[in-house]
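Read top to bottom, the protein sequences are chains A and B. Each residue of the first sequence is one higher than the one before, counting from 0 in numbering that gives the first Met the number 0. Each residue of the second sequence is one higher than the one before, counting from 0 in numbering that gives the first Met the number 0. Following: one structure in structure tokens, then a few remarks.
There are 2 protein chains.
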Amino acid sequence: MEQGAKTSPRAQYHHGDLRAHLIETVRVLVEEKGADGFSISEAARRAGVSSAAPYKHFHDRKEIVREVALAGIDRMRDQMDDAAQSAQGDRLAPISALGLCYAHFARTEPGVFRLMFGLTKGHDEDPEMQEHGEACFDVVKREVRKVMPEGTGEDEIERRGYMLHMFVHGHAFLEIDGKHDLELGPAEEAMLMYDIARRIMS
Amino acid sequence: MEQGAKTSPRAQYHHGDLRAHLIETVRVLVEEKGADGFSISEAARRAGVSSAAPYKHFHDRKEIVREVALAGIDRMRDQMDDAAQSAQGDRLAPISALGLCYAHFARTEPGVFRLMFGLTKGHDEDPEMQEHGEACFDVVKREVRKVMPEGTGEDEIERRGYMLHMFVHGHAFLEIDGKHDLELGPAEEAMLMYDIARRIMS
DNA sequence: GACTAAAAGTTAGCAGTGCTTACTCTTGAA
DNA sequence: TTCAAGAGTAAGCACTGCTAACTTTTAGTC
Numbered sequence: 000m001e002q003g004a005k006t007s008p009r010a011q012y013h014h015g016d017l018r019a020h021l022i023e024t025v026r027v028l029v030e031e032k033g034a035d036g037f038s039i040s041e042a043a044r045r046a047g048v049s050s051a052a053p054y055k056h057f058h059d060r061k062e063i064v065r066e067v068a069l070a071g072i073d074r075m076r077d078q079m080d081d082a083a084q085s086a087q088g089d090r091l092a093p094i095s096a097l098g099l100c101y102a103h104f105a106r107t108e109p110g111v112f113r114l115m116f117g118l119t120k121g122h123d124e125d126p127e128m129q130e131h132g133e134a135c136f137d138v139v140k141r142e143v144r145k146v147m148p149e150g151t152g153e154d155e156i157e158r159r160g161y162m163l164h165m166f167v168h169g170h171a172f173l174e175i176d177g178k179h180d181l182e183l184g185p186a187e188e189a190m191l192m193y194d195i196a197r198r199i200m201s
Numbered sequence: 000m001e002q003g004a005k006t007s008p009r010a011q012y013h014h015g016d017l018r019a020h021l022i023e024t025v026r027v028l029v030e031e032k033g034a035d036g037f038s039i040s041e042a043a044r045r046a047g048v049s050s051a052a053p054y055k056h057f058h059d060r061k062e063i064v065r066e067v068a069l070a071g072i073d074r075m076r077d078q079m080d081d082a083a084q085s086a087q088g089d090r091l092a093p094i095s096a097l098g099l100c101y102a103h104f105a106r107t108e109p110g111v112f113r114l115m116f117g118l119t120k121g122h123d124e125d126p127e128m129q130e131h132g133e134a135c136f137d138v139v140k141r142e143v144r145k146v147m148p149e150g151t152g153e154d155e156i157e158r159r160g161y162m163l164h165m166f167v168h169g170h171a172f173l174e175i176d177g178k179h180d181l182e183l184g185p186a187e188e189a190m191l192m193y194d195i196a197r198r199i200m201s
């Protein structure tokens with residue numbers, strides 16, 4: 000199982016693995032100041048290298064940000080997978096767990112979450128980006144399939160999955176952008192999610 | 000009925016109403032290049048003034064952008080009001096018309112739409128911004144109230160309204176950010192909206 | 001009309017940005 | 001030991017947001 004590229008072979012260069020270090024630094028900066036509130040110079044400064052150093056590892060600013068977004072998608076996918084698989088309750092429990100997980104991720108990492116969805120222009124045409132996004136949606140479809148009657152067409156699965164996604168995506172953004180004053184507690188949010196799941200899946 | 004401020008008294012200055020001219024120029028730029036893809040210098044250049052001129056009318060970049068966003072909210076509110084009031088069909092028609100209108104606005108002015116919702120940090124604490132946003136949501140609540148049984152509590156109205164908002168908001172963003180491959184035609188979108196309205200309002 | 005204060009524009013400049021170029025140092029392998 | 005490639009540097013370009021100091025235009029008064 001070989002790793003992607005440019006990892007382990009040499010354990011330490013001049014500054015260790017600057018590439019990975021920068022991605023993590025940018026991730027933190029994105030949370031602190033937002034995607035267009037930080038500068039590569041700043042990230043370089045924090046990493047203790049010159050402002051030109053990042054360009055030895057990334058083609059341009061967009062590429063670093065993209066890497067942070069991609070990692071975010073994967074992180075969310077894993078969390079969603081976990082949430083669905085360890086959900087307890089009735090047959091709709093995994094569905095509402097997925098929703099809660101989605102909202103939770105948005106709340107925990109709003110900067111990266113915004114990055115993952117559209118804020119960065121050009122990402123919509125990035126095939127790798129879309130691929131990882133679809134892997135995420137596959138988890139949703141898998142759970143929808145379990146709930147729907149046997150033999151339900153793939154179109155219908157997709158349609159229900161998309162409805163769920165619309166819902167929870169809107170909720171997540173409205174929440175992190177402070178666009179409503181509902182102020183749901185955890186229990187209320189869980190109830191809302193279950194209510195939604197019921198309405199969509201019935 | 001006096002007008003807000005700095006309007007009509009003098010009809011023409013050096014360049015006419017540069018303030019309004021700049022807001023419109025920025026609106027166009029936001030659509031062309033995205034909210035963080037344009038510069039004030041560029042707007043000034045297009046308006047034919049020096050790069051320092053805008054700062055005679057706006058405190059800083061944020062303030063211009065805010066003005067564009069505010070105008071966008073008002074524009075959407077008007078469109079929603081129209082859409083709801085001229086909707087034809089059964090009792091749910093105004094609800095699904097509102098959803099279609101929301102999605103249509105997002106598609107027509109994605110740049111401004113993104114501006115209106117969170118992309119610009121600090122807007123969530125802007126009281127005027129929130130006020131205009133609530134005026135928008137009032138239209139939704141008004142239509143929800145018409146559909147719900149007489150005597151329904153305000154909490155329930157708000158809850159249903161919020162569910163609708165979640166839905167359509169998620170749909171709008173997923174669409175303009177190209178995060179799904181569903182490719183709905185107008186008729187299919189209308190059906191989807193109606194389906195949603197039914198599921199939420201029942 | 002001449003005078004004047006303020007409004008609305010100008011140029012020049014600062015610090016900071018993304019990114020490139022040309023250089024130096026470090027490293028692993030021949 | 002040599003040496004090309006990898007990983008860093010400093011210097012610099014064009015651009016940005018914004019400020020300071022200035023000039024011009026305007027509206028209102030005598």
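Glycine residues also receive a C-beta, built at the ideal position from the N, C-alpha and C atoms. All values reported here derive from a predicted model rather than from experimental measurement.
Counting the other Cβ atoms within 10 Å of the Cβ of M128 of chain B gives 16 or more, which makes it buried. Of all residues in the stretch 167-197 of chain B, only V167, H168, G169, H170, A171, F172, L173, I175, D176, G177, K178, H179, D180, L181, L191, D194 and I195 come within less than 9 Å of chain A when Cβ atoms are compared, listed by chain position. Taken atom to atom, the span from the alpha-carbon of I39 of chain B to that of S201 of chain A is near 51 Å. In the DSSP assignment, E133 of chain B falls within the alpha helix (DSSP H) that extends over P126 to V146. Put simply, the stretch 133-141 of chain B does not touch the stretch 185-200 of chain B. Fewer than three CB pairs are less than 8 Å apart. Distance from the CA of D16 of chain B to the CA of E30 of chain B, rounded to the nearest whole angstrom, comes to 22 Å. With at least 16 other beta carbons inside 10 angstroms of its own, H179 of chain B counts as buried. By the rule that beta-carbons nearer than 8 Å mark a contact, H103 of chain B does not touch chain A.
Our two residues, E187 of chain B and S95 of chain B, have alpha carbons roughly 12 Å apart in a direct line. For Y54 of chain B, not one C-beta of chain A is nearer than 8 Å to its own C-beta.
Taking every protein chain shown into account, the CB of M190 of chain B has fewer than 16 other CB atoms within 10 angstroms, so this residue is exposed. Across the structure, A68 of chain A and A46 of chain B are spaced so that their CA atoms are roughly 36 Å apart.
For A19 of chain B, the enclosing alpha helix (DSSP H) stretches over residues L17 to K32. Just so you know, the alpha carbons of V111 of chain A and R26 of chain A end up roughly 7 Å apart. Following the DSSP letters along the chain, one finds Q84 of chain A inside the alpha helix (DSSP H) bounded by residues R60 to Q84. For F57 of chain A, the secondary structure class from DSSP, reduced to helix, strand or coil, is coil. The shortest CA-to-CA distance from Y101 of chain B to any of B:K61, B:L173 and B:P126 is the one to B:L173. With a 10 Å radius around the Cβ and a threshold of 16 neighbouring Cβ atoms, R44 of chain A comes out exposed. Using a Cβ-Cβ cut-off of 8 Å, F116 of chain A counts as an interface residue toward chain B, since at least one Cβ of chain B sits closer than that to its own. The beta carbon of D59 of chain B sits no closer than 8 Å to any beta carbon of chain A.
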